[in-house]
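S.K.:
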Amino acid sequence: MAAGASRVFVSHLSGIAVFDPNGDQVGRVRDVVVMLRGQPVPGAGDRPQRERPPSVLGLVVEVVSRRRVFLPMTRVTGVESGQVITTGVVNMRRFEQRPAETLVLGELLDRQVTLVETGEQVTVLDVGIQQLPARRDWQIDKVFVRRGRRGKAGALRRRGEALTVEWSAVTGFALEEREQGAATLLATFERMRPADIANTVHHLSPKRRTEVAAALDDDRLADVLEELPTDDQVELLDELPDERAADVLEAMDPDDAADLLSELAEQDKERLLQLMRPQDAAPVRRLLSYEEGTAGSIMTTEPIVLQPDDSVALALARVRNADLSAPLAAQVFVCRPPDETPTGKYLGLVHFQRLLRDPPFTLVGSIVDTDLRPLPPESTLPVVSSYLATYNIVAAPVVDDGGHLLGAVTVDDVLDHLLPDDWREEAAQRLPEAGGPRREGVVRHGG
Numbered sequence: 006m007a008a009g010a011s012r013v014f015v016s017h018l019s020g021i022a023v024f025d026p027n028g029d030q031v032g033r034v035r036d037v038v039v040m041l042r043g044q045p046v047p048g049a050g051d052r053p054q055r056e057r058p059p060s061v062l063g064l065v066v067e068v069v070s071r072r073r074v075f076l077p078m079t080r081v082t083g084v085e086s087g088q089v090i091t092t093g094v095v096n097m098r099r100f101e102q103r104p105a106e107t108l109v110l111g112e113l114l115d116r117q118v119t120l121v122e123t124g125e126q127v128t129v130l131d132v133g134i135q136q137l138p139a140r141r142d143w144q145i146d147k148v149f150v151r152r153g154r155r156g157k158a159g160a161l162r163r164r165g166e167a168l169t170v171e172w173s174a175v176t177g178f179a180l181e182e183r184e185q186g187a188a189t190l191l192a193t194f195e196r197m198r199p200a201d202i203a204n205t206v207h208h209l210s211p212k213r214r215t216e217v218a219a220a221l222d223d224d225r226l227a228d229v230l231e232e233l234p235t236d237d238q239v240e241l242l243d244e245l246p247d248e249r250a251a252d253v254l255e256a257m258d259p260d261d262a263a264d265l266l267s268e269l270a271e272q273d274k275e276r277l278l279q280l281m282r283p284q285d286a287a288p289v290r291r292l293l294s295y296e297e298g299t300a301g302s303i304m305t306t307e308p309i310v311l312q313p314d315d316s317v318a319l320a321l322a323r324v325r326n327a328d329l330s331a332p333l334a335a336q337v338f339v340c341r342p343p344d345e346t347p348t349g350k351y352l353g354l355v356h357f358q359r360l361l362r363d364p365p366f367t368l369v370g371s372i373v374d375t376d377l378r379p380l381p382p383e384s385t386l387p388v389v390s391s392y393l394a395t396y397n398i399v400a401a402p403v404v405d406d407g408g409h410l411l412g413a414v415t416v417d418d419v420l421d422h423l424l425p426d427d428w429r430e431e432a433a434q435r436l437p438e439a440g441g442p443r444r445e446g447v448v449r450h451g452g
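Here it is as structure tokens:
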């Protein structure tokens, strides 16, 4: 550890970079693995004896392709200035949690435990770990808690003072908790992208995943669901009350919502569609009406649509929308009114680069590209992928027989459907594996 730094709280480790001795980044910290030593159960008779603090076994580090590996604390040489320094030796085998191991961020934060002296219930906000003198071993020594009991939604009914206590001053970590909150864990997600949050949620226990989903707001949960494997999506949606599930589906992109609903039984799908607002359910129903694996079934129904007498300045303003994905922001589609899909007559598209070359007052109708033929909605995935590759574009218009723009197929939509459902897991597994058990088999980073 750095000189003078005797303790670090685990929430401060979440997401920080891990470097080898040469300064090359290995990955980012996603959790801390500890081994609890079996605290006594409150009310079991005798006053609980002081237990040795739990050992910190290591860090869960997310490396290339979102693979999570185990980094033993014995290979951590420094925790300083918002970074972790290792010896340069890292086992690249996928991390698999063992029965005796506990994840601090995923499982300990937001738990309710009991103060030994008073019997008062408190909520865990953070955990402090400390390196033992003259050794590389680490242990939990402090617990940051808040007084006050939680309500059914996981929020504190009465916010009391926050205080830091010794590990031995609390008990109850070994007890199963039915309704564990998630507010503190969610605080560690604030600087993470939805894809990274989804990867974290994927590695939580089913019980913890459900608790986190209940605590996320609708928009954030929608973003995370879009990045999860299909099985996780279905499981989480099934755990939500029907009204909340419908709200989350409304917040998802229509194509992602349609993909998720297509995995449900027909009666469940129709029930949720009935609960959605008609204006949100309509595009989802349209997407579900197309045969699976066609352009119509995977397109987004919300591309940038402009009318021919709109200006380049307006087009650039629409492209700047931070909520748009990069493929959707790469071009605008020009149509006669109405300008919501299905639109009036489709006229053509204008690429972002062309918008940058023309004066702001130029009308998009005067610079529209009419040479690129649109795709019919029944186009198969091989046809769509060949189309994108042939014309070197990242989004293609989908137009019906009447010449109305129905939506746009983006390159990320195509990849999501060409790759297997578990492609994220498969991609990580294809990386070179280190031989031997997790604790022993290693590869060397940085020479």
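When you line the sequence shown up against our numbering, it's residues 6 to 452, in that order.
No residue lacks a Cβ here, since even glycine has one placed at the ideal position from N, Cα and C.
Anyone know if the C-beta pair for T346 and L293 falls short of 7 Å?
M.R.: Translated into the one-based positions of the sequence shown, residue 346 becomes position 341. Translated into the one-based positions of the sequence shown, residue 293 becomes position 288. Taking 7 Å as the Cβ cut-off, T346 and L293 do not qualify as a contacting pair.
S.K.: Any contact of the region 231 to 239 with the region 203 to 215, i.e. 3+ C-beta pairs under 8 Å?
M.R.: Segments in contact, yes.
S.K.: Can you check whether the CB of T375 is closer than 7 Å to the CB of G353?
M.R.: The residue labelled residue 353 in the question sits at position 348 within the sequence shown. The residue labelled residue 375 in the question sits at position 370 within the sequence shown. Against a cut-off of 7 Å, the Cβ pair of T375 and G353 comes out as a contact.
S.K.: Let me know if N96 comes out buried or exposed under the rule of 16 or more other beta-carbons within 10 Å of its beta-carbon.
M.R.: Position 91 of the sequence shown holds residue 96. Burial call: buried.
S.K.: Unbroken beta strand (DSSP E) runs of length 3 or more, entirely within the region 18 to 43: which are they?
M.R.: With a minimum length of 3 residues, the continuous beta strand (DSSP E) runs that stay inside the region 18 to 43 are 22 to 24 and 30 to 40.
S.K.: Apart from the five residues on each side of it in sequence, which residues of its chain come closer than 6 Å, Cβ to Cβ, to D285?
M.R.: Locating residue 285 in the sequence shown gives position 280, counting from the first residue. Here the set comprises E255.
S.K.: For V317, which residues does DSSP report across the bridge?
M.R.: In the sequence shown, counting from the first residue as 1, residue 317 sits at position 312. In the DSSP output, where bridge partners are listed per residue, V317 has none listed.
S.K.: Who does Q136 pair with in a DSSP beta bridge?
M.R.: The sequence position of residue 136 within the sequence shown is 131, counting from 1. Beta-bridge pairing links Q136 to W143.
S.K.: On the CB-based measure, 16 or more other CB atoms within 10 Å of its CB, does S302 come out buried or exposed?
M.R.: Within the sequence shown, numbered from 1, the residue matching residue 302 stands at position 297. Label assigned to S302: buried.
S.K.: Residue ranges of each beta strand (DSSP E) run of no fewer than 3 residues wholly in the region 64 to 91, ordered along the chain?
M.R.: Whole beta strand (DSSP E) segments, 3+ residues: 73 to 77, 81 to 85 and 88 to 91.
S.K.: Could you tell me which uninterrupted alpha helix (DSSP H) segments, each at least 4 residues in length, are contained entirely in the region 209 to 270, listed from first to last along the chain?
M.R.: Here the runs fully enclosed are 211 to 220, 223 to 232, 235 to 244, 247 to 256 and 259 to 266.
S.K.: With DSSP run on the structure shown, which of helix, strand or coil describes R276?
M.R.: Within the sequence shown, residue 276 is the residue found at index 271, counting from 1. Of the three classes helix, strand and coil, the one that applies to R276 here is helix, per DSSP.
S.K.: Would you kindly check if the distance between the Cβ of A335 and the Cβ of F366 is under 7 Å?
M.R.: Residue numbering aside, residue 366 sits at position 361 when the sequence shown is read from its first letter. Residue numbering aside, residue 335 sits at position 330 when the sequence shown is read from its first letter. No.
S.K.: Measure the C-alpha to C-alpha separation of P402 and D417 and round it to an integer number of angstroms.
M.R.: Along the sequence shown, read from residue 1 onward, the residue named residue 402 stands at position 397. Along the sequence shown, read from residue 1 onward, the residue named residue 417 stands at position 412. Between P402 and D417, the C-alpha separation is close to 14 Å.
S.K.: So, for L265: in the same chain, excluding its five sequence neighbours on each side, which residues have a beta-carbon less than 8 Å away from its beta-carbon?
M.R.: Here residue 265 is taken as the residue at index 260 of the sequence shown, counted from 1. Counting only Cβ-Cβ distances below 8 Å, and skipping sequence neighbours, we find L230, T235, Q238, V239, L242, L254 and M257.
S.K.: Per DSSP, which one or two residues make a beta bridge with R99?
M.R.: For this step, residue 99 is matched to residue 94 along the sequence shown. In DSSP, R99 forms a bridge with V74.
S.K.: Determine contact between the region 64 to 82 and the region 17 to 32, defined as no fewer than three beta-carbon pairs at a distance below 8 Å.
M.R.: Short answer: they touch.
S.K.: Would A300 and V389 qualify as a contact pair, given that the criterion is a beta-carbon distance under 7 Å?
M.R.: The count along the sequence shown starts at 1 and reaches residue 300 at position 295. The count along the sequence shown starts at 1 and reaches residue 389 at position 384. A contact, by the Cβ cut-off of 7 Å.
S.K.: Starting from the Cα of K274, find the closest Cα among R282, A263 and P283 and give me that residue.
M.R.: For the purposes of this step, residue 274 is taken as the residue at position 269 of the sequence shown. When only C-alpha atoms are compared, the closest one is A263.
S.K.: Determine the DSSP secondary structure at F357, reduced to helix, strand or coil.
M.R.: Locating residue 357 in the sequence shown gives position 352, counting from the first residue. F357 falls in the helix class under three-state DSSP.
S.K.: Quick test of your reading: I134 and R12, contact by CB under 8 Å. State the CB separation rounded to the nearest angstrom.
M.R.: As a first step, residue 134 must be located in the sequence shown, where it is residue number 129. As a first step, residue 12 must be located in the sequence shown, where it is residue number 7. Yes, I134 and R12 are in contact; Cβ-Cβ is about 7 Å, under 8 Å.
S.K.: DSSP on T205, reduced to helix/strand/coil?
M.R.: Residue numbering aside, residue 205 sits at position 200 when the sequence shown is read from its first letter. T205 falls in the helix class under three-state DSSP.
S.K.: In this structure, how does DSSP classify R57 when only helix, strand and coil are distinguished?
M.R.: Here residue 57 refers to the residue found at position 52 of the sequence shown. R57 falls in the coil class under three-state DSSP.
S.K.: Does the separation of the CB atoms of Q88 and I21 fall below 7 Å?
M.R.: Counting from one through the sequence shown, the residue named residue 88 turns up at place 83. Counting from one through the sequence shown, the residue named residue 21 turns up at place 16. A contact, by the Cβ cut-off of 7 Å.
S.K.: Please classify T128 as buried or exposed, where buried requires at least 16 neighbouring CB atoms within 10 angstroms.
M.R.: Within the sequence shown, numbered from 1, the residue matching residue 128 stands at position 123. The residue is buried, with at least 16 neighbouring Cβ atoms inside 10 Å.
S.K.: Looking only at DSSP bridge pairs, what is G177 linked to?
M.R.: On the sequence shown, residue 177 is found 172 positions in, with the first residue counted as 1. G177 pairs with nothing; no bridge assigned.
S.K.: Short check: CB of V61 to CB of W172, under 7 Å?
M.R.: Mapped onto the sequence shown, residue 61 falls at position 56. Mapped onto the sequence shown, residue 172 falls at position 167. Cβ distance not < 7 Å, so V61 and W172 don't count as in contact.
S.K.: Going straight from the alpha carbon of E307 to that of V23, what length do you get?
M.R.: As a first step, residue 307 is located in the sequence shown; it is residue number 302 there, counting from the start. As a first step, residue 23 is located in the sequence shown; it is residue number 18 there, counting from the start. One C-alpha to the other measures close to 39 Å.
S.K.: What does E402 pair with, by DSSP beta-bridge criteria?
M.R.: Position 397 of the sequence shown, counting from 1, holds the residue named residue 402. In the sequence as displayed, the identity of residue 402 is Pro instead of Glu. According to DSSP, which records beta bridges pairwise, P402 is partnered with A413.
S.K.: Please state if the CB of A227 and the CB of A187 are separated by a distance shorter than 7 Å.
M.R.: The residue given as residue 187 occupies position 182 in the sequence shown. The residue given as residue 227 occupies position 222 in the sequence shown. Their beta carbons are not under 7 Å apart, which means A187 does not touch A227 by this criterion.
S.K.: Do D344 and V310 have their beta-carbon atoms positioned less than 7 Å apart in this structure?
M.R.: For the purposes of this step, residue 310 is identified with residue 305 of the sequence shown, where counting begins at 1. For the purposes of this step, residue 344 is identified with residue 339 of the sequence shown, where counting begins at 1. Their beta carbons are under 7 Å apart, which means V310 touches D344 by this criterion.
S.K.: Taking a contact to mean a Cβ-Cβ separation below 7 Å, would you say E85 touches R35 in this structure?
M.R.: As a working mapping, residue 85 is identified with position 80 in the sequence shown. As a working mapping, residue 35 is identified with position 30 in the sequence shown. No, the Cβ-Cβ distance between E85 and R35 is not below 7 Å.
S.K.: Are there 16 or more other CB atoms within 10 angstroms of the CB of P332, so buried, or fewer, so exposed?
M.R.: Within the sequence shown, numbered from 1, the residue matching residue 332 stands at position 327. P332 is buried by the Cβ-count criterion.
S.K.: For the beta strand (DSSP E) containing L120, list its first residue and its last residue.
M.R.: Taking the first residue of the sequence shown as 1, we reach residue 120 at position 115. Per DSSP, L120 belongs to the beta strand (DSSP E) from Q117 to L120.
S.K.: For T92 versus T107, is the C-beta distance shorter than 7 Å?
M.R.: Position 87 of the sequence shown, counted from the first residue, corresponds to residue 92. Position 102 of the sequence shown, counted from the first residue, corresponds to residue 107. Contact: no.
S.K.: Where does K157 sit, in a helix, a strand or coil, going by DSSP?
M.R.: Against the sequence shown, residue 157 aligns to sequence position 152. With a pLDDT of 49 at K157, under the threshold of 50, the modelled position of this residue cannot be trusted; read the value that follows with caution. Residue state, collapsed to three classes: coil.
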